[in-house]
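Trainee:
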DNA sequence: GCTCCGATTATCT
DNA sequence: GATAATCGGAGCG
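Numbering (the working numbering), first residue to last: 262 to 467.
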């Protein structure tokens with residue numbers, strides 16, 4: 262096979278770099294797991310213990326332990342009482358930085374993804390959003406700490422990468438909302454809707 | 001098409 | 001006890 266026009270398989274060194282370099286480079290990458298392939302259109306960077314928006318900001322805990330481990334592993338966490346979200350750990354071990362996989366397009370295994378996401382879900386929404394993408398790929402608590410370079414994952418970069426990444430503030434954060442650490446493919450239909458942090462819900466006490 | 005709002009629970013203060 | 005790196009359905013135009 263010609264080596265010039267084909268996609269390339271990522272290796273672990275890709276994730277050993279700074280999370281701010283890795284994040285934009287992940288756009289267009291196709292992640293495959295458990296019968297579904299997703300082309301990433303949107304990601305966010307979380308940079309260790311100095312980033313007020315990061316789960317690692319207050320130091321190591323049992324939840325964020327994976328973030329403090331080696332790069333190229335998945336950090337999967339549970340949020341809002343019902344959703345799982347997936348990150349890839351980046352940088353040197355101990356840095357506790359990671360890229361949140363925020364959205365993508367299902368490019369293979371659509372029937373399997375549909376089965377996981379539900380019959381009423383439109384093709385555009387199969388993996389457009391971090392919890393949707395995680396569910397489409399069949400990931401949950403068991404995959405926290407999983408090695409992306411083990412047997413069950415495959416990551417490929419297309420022959421023609423997308424153009425320069427668009428960037429802006431991260432979604433849904435109350436802290437560090439000024440940092441433009443969300444990266445997406447400009448104009449792509451498989452990028453999620455931007456939603457600023459929810460204001461304090463006026464909890465009714467009764 | 002849009003905006004609003006409730007669901008549901010692990011985690012941390 | 002409050003919050004959260006979200007989602008999907010209801011209501012309106």
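For each residue, glycine too, the CB sits at the ideal point set by N, CA and C.
1. Excluding the 5 residues preceding and the 5 following residue 302 in the sequence, name in chain order all residues of the same chain whose CB lies nearer than 7 Å to its CB.
2. Going by beta carbon distance, what residues of the same chain come within less than 8 Å of residue 441, once the five residues before and after it are set aside?
3. Return the first residue and the last residue of the alpha helix (DSSP H) that residue 282 is part of.
4. Measure from the alpha carbon of residue 346 to the alpha carbon of each residue in 279, 267, 390, then state which is nearest.
5. Of the choices 371, 339, 369, whose alpha-carbon is the least far from that of residue 403?
6. State buried or exposed for residue 343, treating a residue as buried only when at least 16 other CB atoms are found within 10 Å of its CB.
7. What is the rounded straight-line gap between the Cα of residue 371 and the Cα of residue 297?
8. Residue 394 lies in the alpha helix (DSSP H); which residues open and close that run?
9. With DSSP as the reference, label residue 383 as helix, strand or coil.
10. Report the option in 426, 400, 331, 317 whose CA atom is closest to the CA atom of residue 352.
11. Give every residue of the same chain whose Cβ lies closer than 8 Å to the Cβ of residue 360, excluding the five residues on either side of it in the sequence, and list them in chain order.
12. Since residue 409 and residue 335 should fall inside the 8 Å C-beta cutoff, what is the C-beta to C-beta distance between them, to a whole number of angstroms?
13. Rounding to the nearest angstrom, what Cα-Cα distance links residue 455 and residue 435 in this structure?
14. Got a sec? Which residues, its chain only, sit under 8 Å from residue 324 by beta carbon, not counting five neighbours each side?
Mentor: To lay it out plainly:
1. 288, 364, 365, 366, 445, 446, 449, 451, 452
2. 428, 429, 430
3. 280-286
4. 390
5. 339
6. exposed
7. 7 Å
8. 391-397
9. coil
10. 331
11. 280, 283, 284, 287, 304, 305, 306, 307, 348, 349, 351
12. 6 Å
13. 14 Å
14. 316, 338
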